[in-house]
Amino acid sequence: MVIKQRHSPGAPPVRAALPDVSQVWDWLHAVPDPEIPVISLTDLGIIRDVAYEDDTLIVTVTPTYSGCPATSIINLDIETALRGHGVEKLELRRKLSPAWTTDWMTQSGRDKLEDYGIAPPQPAGGPDKCPHCGSHHVEKMSQFGSTPCKAQWRCTACLEPFDYFKCI
Amino acid sequence: MADVDKKMLTQFLLRMGDNTLILGHRVSEWCGHAPVLEEDIALANTALDLIGQTQFWLGYAAEIMGDSKTADDVAFLRDVWDFRNLLLLELPNGDFGQTLMRQFLFDSYQSILLPRLMKSSDQHIAEIAEKSSKEVAYHVERSAETVVGLGDGTEESHARMQAALDRLWPYVGEMFSSDEVDAAMAAAGIAPDPATLREEYDALIGKVLAEATLSIPDSDFTHKGGRNGATHTEHLGHLLTQMQWLQRAYPGATW
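Protein chains in written order, with the working numbering: chain A, 8 to 175; chain B, 47 to 301.
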């Protein structure tokens with residue numbers, strides 16, 4: 008997807024220095040996932056690159072799941088956030104390969120998910136423990152859940168159902 | 047892009063995209079009707095993945111077709127004779143067992159085809175296959191598990207799963223019936239000749255269906271005409287009246 012660059016009509020002839028790439032990463036770090044707002048887009052690992060081509064800022068994004076309805080909202084949120092910080096020339100690029108994996112999720116993202124009541128992804132393919140009571144006695148209810156990235160599990164100790172962030 | 051006849055490549059992409067589109071639509075018909083809430087959510091999620099994959103396949107097909115067409119144009123503005131999906135996928139859902147049996151038969155096919163397409167000489171096809179194959183691996187795990195659970199379940203569920211397999215089996219052969227489009231794709235290193243996938247497919251489904259205590263019908267008879275567009279079933283037209291009605295009633299409508 009390409010968002011056409013727009014120029015403010017009253018832009019001053021002398022442009023301020025372009026924001027540093029690490030500054031842009033910081034801004035993106037503050038943009039929450041629209042469906043699981045406790046984690047940010049950078050926690051999720053879907054921002055694959057931030058770079059300049061001449062004076063145009065290129066943000067490369069990879070989708071989590073092919074049909075995830077949040078994808079278009081995520082692009083809109085990125086654009087809104089960066090324009091809010093004064094970025095004028097911006098292009099969002101979609102990148103399918105390498106395909107997104109939950110291995111790219113940050114440790115702080117995993118911790119925040121667990122605090123929020125969503126068990127973070129595990130290489131074993133199922134949650135390590137109940138995010139509510141910490142018991143390891145858990146069972147799968149369904150491989151799918153309320154969003155494409157989650158499955159439904161249940162704790163057999165405290166009996167609470169919970170979401171598990173699928174490991175892919 | 048590999049050096050290949052664009053018409054042939056378009057046909058191949060339509061086959062891929064129409065398969066996921068038509069099955070995605072069929073599966074979405076379950077939304078709000080599945081036997082239990084978890085299954086309802088699972089079916090809706092599966093449909094969503096399939097529609098997402100469709101956007102990639104048909105988006106690429108539209109790009110090759112040119113004329114600034116989009117994936118939406120391809121999905122909503124073609125008629126029955128232009129569709130290239132397998133007949134298996136346009137059949138009405140039947141009961142829950144038949145829906146899951148169809149899902150399993152198709153997921154198994156995709157789970158073998160997509161990893162091969164990841165090595166396609168066409169980089170864009172390889173990328174779409176890489177993305178889709180992760181979702182398909184998850185789908186086949188669930189559909190196989192459900193087929194085993196229901197096949198090796200109660201007397202009632204076993205009977206229904208066997209009836210579903212008997213009903214759908216004559217539609218399986220079409221997946222492997224190659225033609226000149228497949229030959230062109232194979233020659234250009236874009237996609238494997240589907241006939242070469244049969245052995246691996248039979249081994250995979252044979253193992254799962256045996257575990258499900260189900261018997262594969264002893265017949266090679268195959269219904270054909272979907273993937274080459276020669277003869278679709280009467281059901282596809284009815285499906286399109288639902289799927290395409292908005293664009294037909296209000297051409298060009300957007301929101």
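Glycine included, each C-beta is placed from N, C-alpha and C at the ideal position.
- Query: Taking the continuous beta strand (DSSP E) assigned at residue 149(A), which residues delimit it?
  - Reply: The sequence position of residue 149(A) within the first sequence is 142, counting from 1. Residue 149(A) -> beta strand (DSSP E) spans 145-149.
- Does DSSP put residue 253(B) in a helix, a strand or coil? Numbered from its first residue, the second sequence carries residue 253(B) at position 207. Looking at residue 253(B) - three-state DSSP - the assignment turns out to be helix.
- Item | According to DSSP, residues forming a beta bridge with residue 27(A) | Translated into the one-based positions of the first sequence, residue 27(A) becomes position 20. BP columns for residue 27(A) are empty, so no partner.
- Item | Sub-8 Å separation of residue 90(A) and residue 67(A) beta-carbons | For this step, residue 90(A) is matched to residue 83 along the first sequence. For this step, residue 67(A) is matched to residue 60 along the first sequence. No; because the gap between Cβ atoms is not below 8 Å, this pair is not in contact.
- Message: Tell me the rounded alpha-carbon separation between residue 78(A) and residue 158(A).
- Response: Locating residue 78(A) in the first sequence gives position 71, where the first residue counts as 1. Locating residue 158(A) in the first sequence gives position 151, where the first residue counts as 1. Rounded to the nearest angstrom, the two C-alpha atoms are 19 Å apart.
- Query: Mapping DSSP to helix, strand and coil, what is residue 47(A)?
  - Reply: The sequence position of residue 47(A) within the first sequence is 40, counting from 1. Residue state, collapsed to three classes: strand.
- With a 10 Å radius around its C-beta and 16 neighbouring C-beta atoms as the bar for buried, classify residue 184(B) as buried or exposed. Along the second sequence, one-based indexing puts residue 184(B) at 138. It counts as buried.
- Short Cβ contact (8 Å threshold) for residue 150(B) with residue 190(B): Here the question's residue 150(B) lines up with position 104 in the second sequence. Here the question's residue 190(B) lines up with position 144 in the second sequence. Yes.
- Message: Distance cutoff 8 Å, beta carbons only. Does residue 47(A) sit that close to anything in chain B?
- Response: Translated into the one-based positions of the first sequence, residue 47(A) becomes position 40. Closer than 8 Å: no.
- Tell me, please, whether the CB atom of residue 91(B) is closer than 8 Å to any CB atom in chain A? On the second sequence, residue 91(B) is found 45 positions in, with the first residue counted as 1. Yes, residue 91(B) counts as interfacial toward chain A.
- Task: Just the C-alpha distance for residue 171(A) and residue 230(B), rounded to the nearest angstrom, thanks.
- Result: Here residue 171(A) refers to the residue found at position 164 of the first sequence. Here residue 230(B) refers to the residue found at position 184 of the second sequence. Distance between the alpha carbons of residue 171(A) and residue 230(B) is about 44 Å.
- Item | Beta-carbon spacing of residue 149(A), residue 162(A) below 8 Å | Here residue 149(A) is taken as the residue at index 142 of the first sequence, counted from 1. Here residue 162(A) is taken as the residue at index 155 of the first sequence, counted from 1. No; because the gap between Cβ atoms is not below 8 Å, this pair is not in contact.
- Supposed contact pair residue 58(B) and residue 236(B) - C-beta distance, whole angstroms, cut 8 Å: Translated into the one-based positions of the second sequence, residue 236(B) becomes position 190. Translated into the one-based positions of the second sequence, residue 58(B) becomes position 12. The pair is a contact, with the Cβ atoms about 7 Å apart (cut-off 8 Å).
- Identify whether residue 301(B) lies in helix, strand or coil by the three-state DSSP scheme. Position 255 of the second sequence, counted from the start, is the residue given in the question as residue 301(B). Here residue 301(B) sits in coil by DSSP.
- Spell out whether any CB of chain A is found under 8 Å from the CB atom of residue 94(B). Walking along the second sequence from the start, residue 94(B) turns up at place 48. Closer than 8 Å to some Cβ of chain A, the Cβ of residue 94(B) qualifies, so yes.
- CB-CB length for residue 4(A) against residue 80(A), believed under 8 Å: A question about residue 4(A) goes unanswered here, because the residues of chain A that appear run from 8 up to 175.
- Item | Nonlocal neighbours in the same chain, by C-beta distance under 6 Å from residue 164(B), ignoring five residues either side | What you label residue 164(B) is simply residue 118 of the second sequence in a count that begins at 1. Closer than 6 Å at Cβ, skipping near neighbours: 172, 175, 176.
- Message: Below 8 Å, how does it come out for the stretch 58-73 of chain B and the stretch 93-104 of chain B: are there three or more Cβ pairs, yes or no?
- Response: yes
- Message: Extract the residue ranges of the alpha helix (DSSP H) inside the stretch 216-291 of chain B, only unbroken runs of 4 or more that lie entirely within it.
- Response: 226-233, 244-257, 280-289
- Please report the Cβ distance between residue 197(B) and residue 260(B), rounded to the nearest whole angstrom; I am assuming they are in contact, meaning their Cβ atoms lie under 8 Å. For the purposes of this step, residue 197(B) is taken as residue 151 along the second sequence, with counting starting at 1. For the purposes of this step, residue 260(B) is taken as residue 214 along the second sequence, with counting starting at 1. Correct: roughly 5 Å between the Cβ atoms.
- Task: Can you have a look at residue 108(B) and say buried or exposed, based on whether 16 or more other CB atoms are within 10 angstroms of its CB?
- Result: Looking up residue 108(B) in the second sequence gives position 62. Its Cβ being crowded by 16 or more others within 10 Å, residue 108(B) is buried.
- Item | Spatial neighbours of residue 257(B) in its chain, beta-carbon cut-off 6 Å, leaving aside the 5 residues before and after | One-based indexing of the second sequence puts residue 257(B) at position 211. If we look at residue 257(B) and ignore the five residues flanking it on each side, its Cβ neighbours are 194.
- Look up residue 65(A) in the DSSP assignment and say whether it is helix, strand or coil. Here residue 65(A) refers to the residue found at position 58 of the first sequence. Strand, per DSSP.
- Can you list, in chain order, the residues of the stretch 250-268 of chain B whose Cβ is nearer than 8 Å to any Cβ on chain A? none
- To the nearest whole angstrom, what separates the beta carbons of residue 128(A) and residue 112(A), a pair I think is in contact under 8 Å? Looking up residue 128(A) in the first sequence gives position 121. Looking up residue 112(A) in the first sequence gives position 105. About 7 Å separates the two Cβ atoms, so the contact holds.
- Message: For the ligand GTP, is there any heavy atom lying closer than 7 Å to the beta carbon of residue 101(B)?
- Response: Within the structure as shown, the ligand GTP is missing, as the structure has no ligands at all.
- Return the residues of the stretch 136-150 of chain A that lie within a Cβ-Cβ distance of less than 8 Å from chain B, sorted by chain order. 148, 149, 150
- Task: Taking all protein chains shown into account, decide if residue 6(A) is buried (16 or more other Cβ within 10 angstroms of its Cβ) or exposed.
- Result: Residue 6(A) falls outside the range modelled here, since chain A spans only 8 to 175, and no answer is possible.
- residue 144(B) and residue 73(A) closer than 8 Å at C-beta: What you label residue 144(B) is simply residue 98 of the second sequence in a count that begins at 1. What you label residue 73(A) is simply residue 66 of the first sequence in a count that begins at 1. Not a contact, by the Cβ cut-off of 8 Å.
- Message: If distances are taken between C-alpha atoms only, which option among 48(A), 102(A), 118(A) comes closest to residue 84(A)?
- Response: Here residue 84(A) refers to the residue found at position 77 when the first sequence is read from its first residue. Closest option to residue 84(A), Cα to Cα, is 48(A).
- Task: Scan the stretch 29-55 of chain A for residues whose Cβ lies nearer than 8 Å to a Cβ of chain B and list them as they occur along the chain.
- Result: none
- Task: Give, in chain order, every residue of the stretch 166-179 of chain B whose Cβ lies closer than 9 Å to some Cβ of chain A.
- Result: 169, 170, 172, 173, 174, 176, 177, 178, 179
- Expected contact under 8 Å - CB spacing of residue 134(B) and residue 271(B) to nearest Å: In the second sequence, residue 134(B) corresponds to position 88, counting from 1. In the second sequence, residue 271(B) corresponds to position 225, counting from 1. Residue 134(B) to residue 271(B), Cβ: 12 Å. No contact.
- Message: Relative to the C-alpha of residue 112(B), which candidate in 55(B), 253(B), 159(B), 200(B) has its C-alpha closest?
- Response: One-based indexing of the second sequence puts residue 112(B) at position 66. Selected option, being the one with the closest Cα: 55(B).
- Query: What is the C-beta distance between residue 182(B) and residue 153(B), in whole angstroms, given that I count them as a contact (C-beta under 8 Å)?
  - Reply: The residue you call residue 182(B) lines up with position 136 of the second sequence. The residue you call residue 153(B) lines up with position 107 of the second sequence. About 6 Å separates the two Cβ atoms, so the contact holds.
- Have a look at residue 153(A) and residue 119(B) and give me their C-alpha separation to the nearest angstrom. Here the question's residue 153(A) lines up with position 146 in the first sequence. Here the question's residue 119(B) lines up with position 73 in the second sequence. The alpha-carbon atoms of residue 153(A) and residue 119(B) are separated by roughly 30 Å.
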